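Below you'll find the structure, written out as structure tokens, and then a few comments.
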Amino acid sequence: MTTGGTITLRSAARSHTGLVRKNNQDSGYAGPNLLLIADGMGGHAGGDVASAITVSRLAELDREPGGEDALELLRTSILEANDRICRGVGEQPELAGMGTTVTAVLRATGNRFALAHIGDSRGYVLRDDKLQPITHDHTFVQMLVDEGRITPEEAETHPQRSVVMKVLGDVGASPDLDLSLREAQVGDRWMLCSDGLTGFVDIDDITRVLKEVADPDEACRQLIDLALAGGGADNVTVVVGDVLEGEVETTAGVSVGSVHLNPRYAAIGANPDAEAAVDTEAHATFADDDVSADTAPIQTVDGEDLEARDGTTQQLRTNTAADEEADLDDEVEKRSYLGWIITAIVIVALAVGGFFAYNYVSHQYYVADDDGKVSLYRGLDTTLGPIELSRLVDTTDIEVDSLNSYSQDRLRGSIPAGSRDEADRIIDNLRKESDRSSGISGDVEDSTSPSDPAPSPPDSKSADPSDAITRESQ
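Position one of the sequence shown corresponds to residue 13 (the numbering used here), numbered consecutively onward.
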């Protein structure tokens, strides 16, 4: 039901590194006015840094409701976080290519919430026992679904489901944010999560937990347990907020994941005078069905200056025309020589590009079903015309039928891995799942007792800006 009175949020957040990853690149925040999640780009230098920078900047909005300006506050704060990430790369080049998703909900006025979203983290609202999505994935497979080229069911196991089209960060593109105002109702339960949850847990199971578990913190815990039971091959973060009526005792917000484990990351890129500062605000756009952004008039040169420039240009043209005929023969010779140089450069570029493409493919692995057995492949689960881009490396003794239905579905598609070690860990987890009848080991981290080691900024050799928006985690 709706309400004309004051609404408040009772919220909680939890995060876990998962069973395969070595560090947590997710960051999350839950407070009385703000719900927030950021998923750093897996497999890239500084994903944990990018998400921590973003959440630390946006968490400042939790001090009070955003009021009439809530949507604009979210927009400008996210763009400032994006600038900080870009400045951070200027300060520490080894972080080149870092990026992050972000999904944020900020209390506005009355019963309205402001929502900002970019990437493939997700937002949902449980209302009248029905779980409704409130975000749209910015992924390659979602684009295929939108165009009617594949079904949502096919998208779940598509080999390119890890390709994210829009993110914040040093990825060579300006942020294109989805921004909207949403009506909240007393009794709503809002949930934000990284793809470490939705990639490993069936939506019906997510709905069941959100419906049956009253306490937000316990709901977060149980959802993370389900993600771990489903394989836990990615970081997983869950933020839950219940909409209540009237004033309630407010508590300080809680941060989880990288932003909690690595508070020093918040200072990276914070200097607005750094040479690497990037102004991205003018490039942010609103979703078609949302509020419009203000636009500034284009600055032009006055008429007098235009006339002066035109006169100067005419003089240059006159002086140059007399020399053109004399230079024509030399120009033809130069162009011929230049043509050979360009041809040689193109050939070299193609050869180098082919080498790097082969090198990338040869270092990729995936786990899949081969005649009923869990098997390891090297390469990519796709073809280039008649050419297969993968080969079978090993067939294990693990029966696919011995796994739960969700793991079976994933194996019938493929489970990508960014290295042989990661692929081996995925297989080990599947073997454990096959051996046990139920349950999962491992505790869930929370903000008061972090279990992950705080990682140092990654070595510069691992940075790969050309792969800035492709995940290797699902």
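Quick reminder that beta carbons are idealized off the backbone N, C-alpha and C, glycines included. For clarity, every value in this text was computed on a predicted model and none was experimentally measured.
Cα atoms of Arg-390 and Ala-226: separation of roughly 45 Å, rounded to the nearest angstrom. Thr-112 counts as buried, since no fewer than 16 other beta carbons sit within 10 angstroms of its beta carbon.
When Val-251, Arg-119, Arg-437 and Thr-219 are compared, the shortest CA-CA separation from Arg-139 is found for Thr-219. One Cα belongs to Leu-118, the other to Val-386, and the distance between them is close to 44 Å. DSSP, read as helix, strand or coil, puts Ser-27 in strand. Beta-bridge pairing by DSSP links Lys-142 to Arg-139. For Glu-168, the closest C-alpha among the options Arg-422, Ser-89 and Asp-440 is that of Arg-422.
Around the Cβ of Ser-206, a 10 Å sphere holds 16 or more other Cβ atoms; the residue is buried. Taking a contact as a CB-CB distance under 8 Å, the pair Asp-229 and Ala-24 counts as one, their CB atoms being some 4 Å apart.
Listed as beta-bridge partners of Glu-106 by DSSP are no residues whatsoever. Comparing C-alpha distances from Gly-40 to each of Leu-273, Gln-154, Asp-409 and Asn-94 shows the shortest one belongs to Leu-273.
In the structure shown, Pro-428 falls within a strand segment according to DSSP collapsed to helix, strand and coil. For the options Arg-134, Asn-36, Ile-49 and Ile-19, the alpha carbon positioned closest to that of Pro-77 is the one of Ile-19.
Counting every other CB atom within 10 Å of its CB across the protein chains shown gives Asp-74 a total of 16 or more, marking it as buried. Using a C-beta cut-off of 8 Å, the stretch 185-194 makes no contact with the stretch 248-263, since fewer than three inter-stretch Cβ pairs fall below that distance. For Ile-90 and Leu-404, the gap between their C-alpha atoms comes out near 44 Å. Secondary structure note for Val-252: its beta strand (DSSP E) is the uninterrupted segment 248-257. When C-alpha distances from Gln-37 are compared across Ser-133, Arg-99 and Pro-105, the shortest belongs to Ser-133. Where Asp-229 is concerned, the enclosing alpha helix (DSSP H) starts and stops at 228-241. One alpha carbon belongs to Asp-393, the other to Arg-33, and they sit about 21 Å apart.
Only buried fits Asp-246, as 16 or more other CB atoms lie within 10 angstroms of its CB. If you look at His-272, you'll find it isn't in any beta strand (DSSP E); it sits in the alpha helix (DSSP H) that goes 270-273. The beta carbon of Leu-401 sits closer than 6 Å to those of Val-373, Gly-391, Leu-392 and Thr-394, all from its chain and outside the five residues before and after it, given in chain order.
At a Cβ-Cβ threshold of 9 Å, Asn-416 and Gly-199 do not count as neighbours.
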